[in-house]
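Residue 82 is where the sequence shown starts when you use the numbering used here, and the numbers rise one by one after that. Let me begin by presenting the structure, written as structure tokens, before commenting on it.
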Amino acid sequence: MDSFVFLDKLKRKLFSIIFWISFWTILSHLIDNNILLPNPWEVLRIFFNLIQKEFFWISIFNSIVNIGTGFLISILLGILLGIISYFFPILESIIQLPINLISSIPIASITIVLLIWINSSKLSIFIVLFISLPNIYFSSISGLKSVDKKLLEMAHVFNAKRSNIFKFLYWDGLKEFLIPSIMVTSGMAWKSGVSGEVLGLVNNSIGENIYYSKLYLNTGELFAWTFMIILLANLFQFIIRKIMEGLS
Numbered sequence: 082m083d084s085f086v087f088l089d090k091l092k093r094k095l096f097s098i099i100f101w102i103s104f105w106t107i108l109s110h111l112i113d114n115n116i117l118l119p120n121p122w123e124v125l126r127i128f129f130n131l132i133q134k135e136f137f138w139i140s141i142f143n144s145i146v147n148i149g150t151g152f153l154i155s156i157l158l159g160i161l162l163g164i165i166s167y168f169f170p171i172l173e174s175i176i177q178l179p180i181n182l183i184s185s186i187p188i189a190s191i192t193i194v195l196l197i198w199i200n201s202s203k204l205s206i207f208i209v210l211f212i213s214l215p216n217i218y219f220s221s222i223s224g225l226k227s228v229d230k231k232l233l234e235m236a237h238v239f240n241a242k243r244s245n246i247f248k249f250l251y252w253d254g255l256k257e258f259l260i261p262s263i264m265v266t267s268g269m270a271w272k273s274g275v276s277g278e279v280l281g282l283v284n285n286s287i288g289e290n291i292y293y294s295k296l297y298l299n300t301g302e303l304f305a306w307t308f309m310i311i312l313l314a315n316l317f318q319f320i321i322r323k324i325m326e327g328l329s
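Structure (structure tokens):
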């Protein structure tokens, strides 16, 4: 039964992909201007030319390291601040004020301020951190607050070990909110990280290549880099999902 459901989903995905590629092909022929909308097969040709070049992989490596580092720090820091806010309520409002402020600041403003403070090579690390941190923090504290108080009282009455209380009560509540948040935020991390690289013109990065593709009106190359970002973001989410499934 599961195999039939999987095949049915696969067929629908393939149909959707074929439909939109066909639509894109027809539309590009009607417009007949590669600057406005290149043909998908031309984009694919450019993409395969790019993957044969060294600078392509150097740019990808640098972006993965910076965006991945910023995202990992945001997860660790968000969970830590969520735990502190939960167990020390007096600090919750103090912690939430800057986090609420960060969540409302536009990426462009954050980027300009960061460019004044730090070297542009590390820009995407801090942008991803600032964009991801609020979601991770609020999902962490919400997960901890969702833990049943009666179960906690019962665990204390029976002198349960603190490690078991965290593992079977706090962690269950935490992961219920945290895992979906991390999955959604991982996509935002790539969008904000690459946007920061474009705005900050970070050397040897995906964002730098996108900027120059736009500058020289090379739309086919711009689409090829965008296609690579989509692949990386989906791979990023797949790896995170497997890690979180292992932890659960």
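Where is the CB? At the ideal position from N, CA and C, for every residue including glycine.
Please look up how many angstroms separate the CB atoms of G274 and G159, rounded, as I've assumed it's under 8 Å.
Actually they are not in contact, since the Cβ atoms of G274 and G159 sit about 16 Å apart, beyond 8 Å.
I need the boundaries of the alpha helix (DSSP H) containing D253, first residue and last residue.
W252 to G281
Beta carbon of S221, beta carbon of G281: below 8 Å?
no
Please confirm whether N299 and S140 have their CB atoms less than 8 Å apart.
no
Neighbour-count burial assignment, A314, 16 or more Cβ in a 10 Å radius:
buried
Quick check on M82: buried or exposed, where buried means 16 or more other Cβ atoms within 10 Å of its Cβ?
With a pLDDT of 49 at M82, under the threshold of 50, the predicted position of this residue should be treated as unreliable, though the coordinate-derived value follows. Exposed, since its Cβ has fewer than 16 Cβ neighbours within 10 Å.
Output yes or no for whether 8 Å exceeds the beta carbon distance between L204 and E278.
yes
Take I263 as the anchor and find which of G301, V228, S227 and L210 has the nearest alpha-carbon.
L210
Could you pull the start and end residues of the alpha helix (DSSP H) that S140 belongs to?
E135 to F168
Beta-carbon proximity check, I175 vs A270, cutoff 8 Å
no
For Y218, I'd like the list of residues in its chain whose CB is within less than 7 Å of its CB, leaving aside the five on either flank, ordered along the chain.
G159, L162, G163 and I180
Residue range of the alpha helix (DSSP H) that includes K295
I287 to L296
In three-state terms, what does DSSP make of V124?
helix
Helix, strand or coil for S227, going by three-state DSSP, please let me know.
coil
Residue environment, K292, which counts as buried when at least 16 other CB atoms sit within 10 Å
At residue 292 the sequence reads Tyr, which differs from the Lys that was named. The residue is buried, with at least 16 neighbouring Cβ atoms inside 10 Å.
Below 8 Å on the Cβ atoms is my contact criterion, and I expect S227 with E257 to pass it. Report the Cβ-Cβ distance as a whole number of Å.
7 Å
How is the alpha helix (DSSP H) around S190 delimited, first residue to last?
I188 to W198
Does the separation of the CB atoms of L196 and F207 fall below 8 Å?
no
By Cβ distance, which residues of its chain are closer than 7 Å to R322, with the 5 residues on each side in sequence left out?
M264
Just to check my reading of the structure: G301 and P187 have Cβ atoms closer than 8 Å, yes? What is that Cβ distance to the nearest angstrom?
So it is not a contact: roughly 30 Å between Cβ atoms.
Proximity test, L95 beta-carbon vs the ligand COA heavy atom, cut-off 7 Å:
This structure does not include the ligand COA; it has no bound ligands of any sort.
On the criterion of 16 or more Cβ atoms from any shown chain inside 10 Å, does A305 qualify as buried, or is it exposed?
buried
Assumed close pair L225, L255 - CB separation to whole angstroms, cut-off 8 Å:
6 Å
Using the C-alpha atoms, what's the distance from D253 back to I310?
33 Å
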